[in-house]
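Residue 18 is where the sequence shown starts when you use my numbering, and the numbers rise one by one after that.
Even glycine gets a Cβ: it sits at the ideal position worked out from N, Cα and C.
Comments concern the structure below.
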Amino acid sequence: MSHTGDLKKTALFDDVVKAGGKMVPFAGYSMPVQFEGIIKEHHRVRTHVGIFDVSHMGQILFRGPNAEKIVQKVTTNSMACEVGRAVYSPVLLPDGGIIDDVIFYRTGETEWLACVNASNKEKDFAWFVKQADGECEVIDQSDLYAQIAIQGPKAPTLISRIFGAKAAELRPFSFIELDYKGANCIVAATGYTGEAGGEVYVPNEVASDLWKELLAKGEDLEIAPIGLGARDSLRLEMRYSLYGNDIDETTNPLEAGLAWTVKFDKGDFIGKNALVAQKEAGLKRRLVGFVIDGKGIARQGYKIFSGDDEIGVVTSGANSPSTGVAVGMGYVPVDFTKTDTRFDIDLKGLRRAPAVVVAGPFYKREA
18 MSHTGDLKKT ALFDDVVKAG GKMVPFAGYS MPVQFEGIIK EHHRVRTHVG IFDVSHMGQI
78 LFRGPNAEKI VQKVTTNSMA CEVGRAVYSP VLLPDGGIID DVIFYRTGET EWLACVNASN
138 KEKDFAWFVK QADGECEVID QSDLYAQIAI QGPKAPTLIS RIFGAKAAEL RPFSFIELDY
198 KGANCIVAAT GYTGEAGGEV YVPNEVASDL WKELLAKGED LEIAPIGLGA RDSLRLEMRY
258 SLYGNDIDET TNPLEAGLAW TVKFDKGDFI GKNALVAQKE AGLKRRLVGF VIDGKGIARQ
318 GYKIFSGDDE IGVVTSGANS PSTGVAVGMG YVPVDFTKTD TRFDIDLKGL RRAPAVVVAG
378 PFYKREA
């Protein structure tokens, strides 16, 4: 059953429904949670190629001589990069809490395009406008673009067929702008699955044409449309954080495993003082990855115990289709964060499942 009602529809809504998408409400949009089945779709991306309608994501443009100054102010990572490069960065509150995690694309010397999470679009836009304070233009372009993710080991072949070899050979976090049916679009070597491929930002008016062409030219590559369910299991296997689960305004980058995105030497930025203070005081908790030893699946909100002591909470968890093991992430005190540390996950009060801390992604592609 499709849930539409007052929900927004992406430019690809009709194509997605026609392809058999099971529609559910997500961040104010009617989005496909699955097509042929989450596990099948998951394996399709790991072995062949899948395309995702992620047009619910937001795009916010910073433009003007002071755009770099403002973008540096609102991010923890360094934005000192060339045109044609993208940078992943948290955006923080003054207390260090994470407003959102964002990819910033440098589209010109004085221009940046930020891709923000769907559930945070309005919040992010208001925050950016406030922080810019008239020093540069901040323009919400979310309703102008569709976004299609093309992911999987066969994705570069498909991207090359439609956009040319240069687009398929981009190094990670690079992008190019090119013409597609008379419309300017961005092809970026970014993604949320751990696989090869990219993400395409395309004006709404030609989005359906691109979706259809991808399915047609990818048929011999065994392409399939992929829903949000598999998107979540794919990102969890790579231990990529999901905003609203693993990170939010009550967490900071240092405890969330995102210290690599914090450049203390880049100059001042919002939240810097709070992070410096916490670094000096020492972290009290950290986000860890764990695997369940035996049966049971950890879900968001499940409590973590050491003996009789409640020590933390699960933020994400599922059965990993690629490994067949139940995996998860959660916040625990720093004393419980070393690899091979053991604790228990409370499964709705019914029983406890033993778990062990592991390092790195849950899934590693074989060379």
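Environment of residue i [buried if 16+ CB atoms lie within 10 Å]
i, result
"R61", "buried"
"E58", "buried"
"R359", "exposed"
"T92", "buried"
"W144", "buried"
"G347", "buried"
"F389", "The structure shown does not extend to residue 389, since the chain is modelled only from 18 through 384, so no value can be given for it."
"K171", "buried"
"D285", "exposed"
"A205", "buried"
"W129", "buried"
"S19", "Note on S19: pLDDT 45, under 50, position unreliable in the model; no value is reported."
Proximity winner among the options, relative to residue i (alpha-carbon distances)
i, options, result
"P173", "E154, E194, A163, T207", "T207"
"L29", "S191, R63, N221", "N221"
"F188", "E126, G215, Q295", "The question names Phe, yet the displayed sequence has Arg at residue 188. Closest by alpha carbon: G215."
"G125", "S95, Y105, A135, F79", "F79"
"D157", "H65, Q76, D112", "Q76"
"G324", "D361, T332, P338, I309", "D361"
"K138", "S72, R123, V279", "S72"
"A200", "T210, F192, F190, L227", "L227"
"R382", "M255, E239, D357, A163", "M255"
"D117", "Q168, P42, Q148, G261", "G261"
"L161", "A213, K147, V223, G101", "V223"
"T127", "G329, I87, N134", "I87"
"Y122", "G114, G113, R316, V133", "V133"
"D14", "G37, D31, E297, F43", "Since the first and last residues shown for the chain are 18 and 384, residue 14 lies out of range."
For residue j and residue i, believed in contact at Cβ under 8 Å, the rounded distance
i, j, result
"L271", "L292", "6 Å"
"L195", "A184", "7 Å"
"E327", "L110", "Not confirmed; about 27 Å, so no contact."
"Y319", "D249", "In fact, because the Cβ distance is near 16 Å, the residues do not count as touching under 8 Å."
"P242", "G67", "7 Å"
"A163", "V219", "5 Å"
Counterpart residues of residue i in DSSP-defined beta bridges
i, result
"V119", "S106"
"G215", "I167"
"E128", "R80, G125"
"E154", "R80"
Any chain D beta carbon closer than 9 Å to residue i
i, result
"P49", "Absent from the structure: chain D. Only one protein chain is present."
In the segment 45-72, which residue ranges form an unbroken beta strand (DSSP E) of at least 3 residues, counting only runs that do not cross its ends? 46-51, 66-70
May I have a chain-ordered list of the beta strand (DSSP E) segments no shorter than 3 residues that lie completely inside the segment 162-194? 162-168
At what residue ranges does the segment 216-263 contain a whole run of the beta strand (DSSP E), taking only runs of 3 or more? 240-243
I'd like the ranges of any alpha helix (DSSP H) spanning at least 4 consecutive residues and lying wholly in the segment 252-321. 289-298
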